[in-house]
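Protein sequences, first through last, are from chains D and W.
Residues are numbered in our numbering as their position in the first sequence, beginning at 1, plus a constant of 20.
Residues are numbered in our numbering as their position in the second sequence, beginning at 1, plus a constant of 20.
Even glycine gets a Cβ: it sits at the ideal position worked out from N, Cα and C.
The structure displayed is predicted, hence computed values, not measured ones.
Structure first, commentary second.
Protein chains: 2
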Amino acid sequence: MPTVSPTTTIPLSRGAPSLDIIDVEGLADAAARAFANDPAGATAYGTSVGYLPLRRLVAEWHDVDEEQVLLTNGSMQADAFLFDELARPGTQVVIERPTYDRTLLALRQRGAELHPVALEPDGIDTGALEALLAAGANPTLAHIIPNFHNPAGYTLSLAKRQRLVQLAQEHNFIIFEDDPYIALRFRGETHPTMLSLDAGAGSVVYASSFSKTVCPGIRVGYLVGPADLIAAIARRATATYISPGEVSGAIVYEFCISGALERSSARVRDALEQRCGRLASGLARELPEARFVAPDGGYFLWVELPDGVDSTKLVAAAAEHGVAIVDGDDFVADGRSGAIRLSFAPVTPEQIDEALPRLAAAVASLQ
Amino acid sequence: MPTVSPTTTIPLSRGAPSLDIIDVEGLADAAARAFANDPAGATAYGTSVGYLPLRRLVAEWHDVDEEQVLLTNGSMQADAFLFDELARPGTQVVIERPTYDRTLLALRQRGAELHPVALEPDGIDTGALEALLAAGANPTLAHIIPNFHNPAGYTLSLAKRQRLVQLAQEHNFIIFEDDPYIALRFRGETHPTMLSLDAGAGSVVYASSFSKTVCPGIRVGYLVGPADLIAAIARRATATYISPGEVSGAIVYEFCISGALERSSARVRDALEQRCGRLASGLARELPEARFVAPDGGYFLWVELPDGVDSTKLVAAAAEHGVAIVDGDDFVADGRSGAIRLSFAPVTPEQIDEALPRLAAAVASLQ
């Protein structure tokens, strides 16, 4: 059990798992099998769609044609390709408020016109989105993180998934279903993806990743979407890097088909459930004025701060007290968040227990 | 010894090695060591500069500071980042004629104004470049493939390297030294890089890759350049994909430090020397009217065709005769090349022996 030195900063900041929940042995085994079973496929130049057996496997999982799948160097590269393809200066894009900070940055860099819509504990406020559309907004894209949202930890309800797909079909926009955390549900039932609810109508592009179930350093993500859009993005990827990592793709493939993926995901979920539980109970105890909804999976918990506590000042005060946290303001396109993001993925339960009194002291120092 | 069926197309087209010269066992060993020796470093999110021990090793090889090195998802991704950083619509870029077709495409996509300068057997025509500069050209960048050029197989002489660096320093442009084949010299002495001749003056950005010495599917390349430019590209890379493959970087690192890189490179060079020799002697025998300069390394041989033989028609005729070759026109920004590119990397000596009478028959069919 790791001990926690009072002088060591406890990282509740980064959306990354601690090493103890990475199946390093499973990865080493998968690498050995990748080189033994398919030396030509793993070592040669592939094409920009990525390692073909893994592409086929992903297509099977999502019940789509292979031509609808493109593997990428992590799912952020998938986002970048999709935005390069669809977001021009002035392109209207619906985003959640809050949303993933790197998505905000990527869309702003491309000059997109952002329409932030409030995120509720059961997902984006579809009523507000309808009102926005009725008022004349004409988005090309709506970026939605459906499961265990980053930063909020919230999950989109089935009813709202259905409504969003209807709206996309009626108003002719594409839902970008950004779903890296789907396999990390530790409580409750998994909802169908909007990709599946759309049933091939072409209104949804789906992205996910093996960063949270295999490991971040492997850098394998993927896009699923209409075949013509995927083909266009594949041409873009060819011109960018010829192919994503074929060795990485082959390792992930062997990891998946050997059963390691299921074992590893179960282990990760168990650890996350324990860490999340400890964080939620600790928050209730140490910061009773803070408001939060304990997530059913994923890495993150969004804490709305007591009135009068400034999130930016709290980040600095927490750092002085030995806790790294992220300012909720980083995740909103406009105005203030009144919140912070806590990640329970990189820390042990013991570290969480140690961190919360520090965080409470930091809050108290501002009151 | 592989037999060659007369109905099977022999690929003298692709710049990729055959599987028999890839050290698959060395790769498997390197992967096992990567996970055993540095599980945290290999599996975690890195930063956009890539796997740090490999970055340090590359910095040592080139005798530069670590801050001057950025690892990428293959060296084409390095090119893409550099062009994104430096090439705007209208940016003047000197290119060789012929040059790598994907470089042409990448620069055209960014709207660069291209200045093609003739490539001679000892490298770019520096006299023509001087005349171009004297006439008022004001390039930001000069793209140079110094060793075993793709497509020409030619190598830049030491005198021309020195002259190019002088010109870059005097006229304030950056030489992009694109050097993926440097380790593949099977004859003669390696010239110093222009990066080293520039001696830290900031006039050279250097790119290379492990695709030709480890394997293409690993997708690990790198850039070396002025620290401020590398830092700007690192920010761009962060916003694109967080980090390149850390698992891949760790495998390459272990491959390098174990001695496998030297063994593998020697094996590749021996095979390429034999293949190149067989191709050169076969060409002299079967196509005595064709002109070429046998390279001292690399993958490629550039064949200037007999008068009246159209390169584009020859590609089609060769395909009908069971040989895949690449039209030299693909590698020039303007006009015709009168040439084809042959790659000896993906084929055995026996395949080369079989291919040349087919190619000769294809040429004869056009005369």
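At a beta-carbon threshold of 8 Å, the residues of chain W lying near I238/D are T63, G265, E266, V267, ordered along the chain.
Taking a Cβ-Cβ threshold of 7 Å, the residues of chain W close to V44/D are F55, P59, T63, in chain order. Here T29/W has A339, G342, V343, A344 as same chain residues with Cβ atoms under 8 Å from its own Cβ, once five neighbours each way along the sequence are excluded.
Considering only beta carbons, the part of the region 215-235 of chain D lying closer than 8 Å to chain W consists of S231, C235, in chain order. In the structure shown, F320/W adopts extended strand secondary structure according to DSSP, grouped into three states. Closest option to A179/W, judged by alpha-carbon separation, among Y226/W, T146/W, E45/W, L386/W: T146/W.
When secondary structure is reduced to three states using DSSP, F196/D falls in the strand class.
The region 201-217 of chain W makes no contact with the region 365-382 of chain D, as fewer than three CB pairs between them are under 8 Å. Under DSSP, T92/W forms a beta bridge with G241/W.
S363/W has F320/W as its beta-bridge partners, per DSSP. Inside the region 24-100 of chain W, DSSP marks whole beta strand (DSSP E) runs of 3 or more residues at positions 89-92, from first to last along the chain. For the pair A48/D and A48/W, the Cα-to-Cα distance works out to about 9 Å.
Contact annotation: Y71/D and A36/W have beta-carbon atoms that are not nearer than 7 Å.
Per DSSP, reduced to three states, the secondary structure at I345/W is coil, with no helix or strand assignment.
Q294/W: member of the alpha helix (DSSP H) spanning 280-306, first to last residue. Per DSSP, R117/W is one residue of the beta strand (DSSP E) stretching across 112-117. Using beta-carbon distances, N93/D counts as an interface residue toward chain W, with a partner under 7 Å. Exposed is the label assigned to T27/D, since fewer than 16 other Cβ atoms lie within 10 Å of its Cβ. Among the residues facing chain D, A157/W is not included, as its CB has no counterpart in that chain under 7 Å away.
A Cβ-Cβ separation of about 5 Å places A353/D in contact with L134/D under the 8 Å criterion.
Close to L39/D, with beta-carbon spacing below 9 Å, are these residues of chain W in chain order: P59, A60, T63, A64.
Taking a Cβ-Cβ threshold of 8 Å, the residues of chain D close to Q129/W are A259, in chain order. For the region 352-373 of chain W, no residue has a beta-carbon sitting nearer than 9 Å to a beta-carbon of chain D. Contacts with chain D (Cβ-Cβ distance below 7 Å) from the region 72-104 of chain W involve N93, G94, M96, Q97, A100, listed in chain order. If you look at E140/D, you'll find it isn't in any alpha helix (DSSP H); it sits in the beta strand (DSSP E) that goes 133-140. By the neighbour-count criterion, in which a residue is buried when 16 or more other Cβ atoms sit within 10 angstroms of its Cβ, G94/W is buried.
The continuous stretches of beta strand (DSSP E) do not include H191/W, which lies in the alpha helix (DSSP H) extending over residues 178-191. V185/W and V224/W do touch by the CB rule: their CB atoms are close to 7 Å apart, below 8 Å.
Partner residues in the beta bridge of S228/W, as assigned by DSSP, are Y242/W. Here R130/W carries a coil assignment [DSSP, helix/strand/coil]. Note on Q387/W: under 16 other CB atoms within 10 angstroms of its CB, so exposed under the neighbour-count rule. Setting aside the 5 residues that flank it on each side, I372/D is surrounded in the same chain by R295, R298, L299, G302, F364, each with a C-beta closer than 7 Å to its C-beta; the list follows chain order.
Contacts between L125/D and chain W, judged by CB atoms closer than 9 Å, involve A259 in chain order. D198/D and A98/D have their alpha carbons spaced roughly 10 Å apart.
Taking a Cβ-Cβ cut-off of 7 Å, the neighbours of I262/D in chain W comprise G94, M96, given in sequence order. Under the Cβ criterion of 7 Å, L32/D is not counted among the residues facing chain W.
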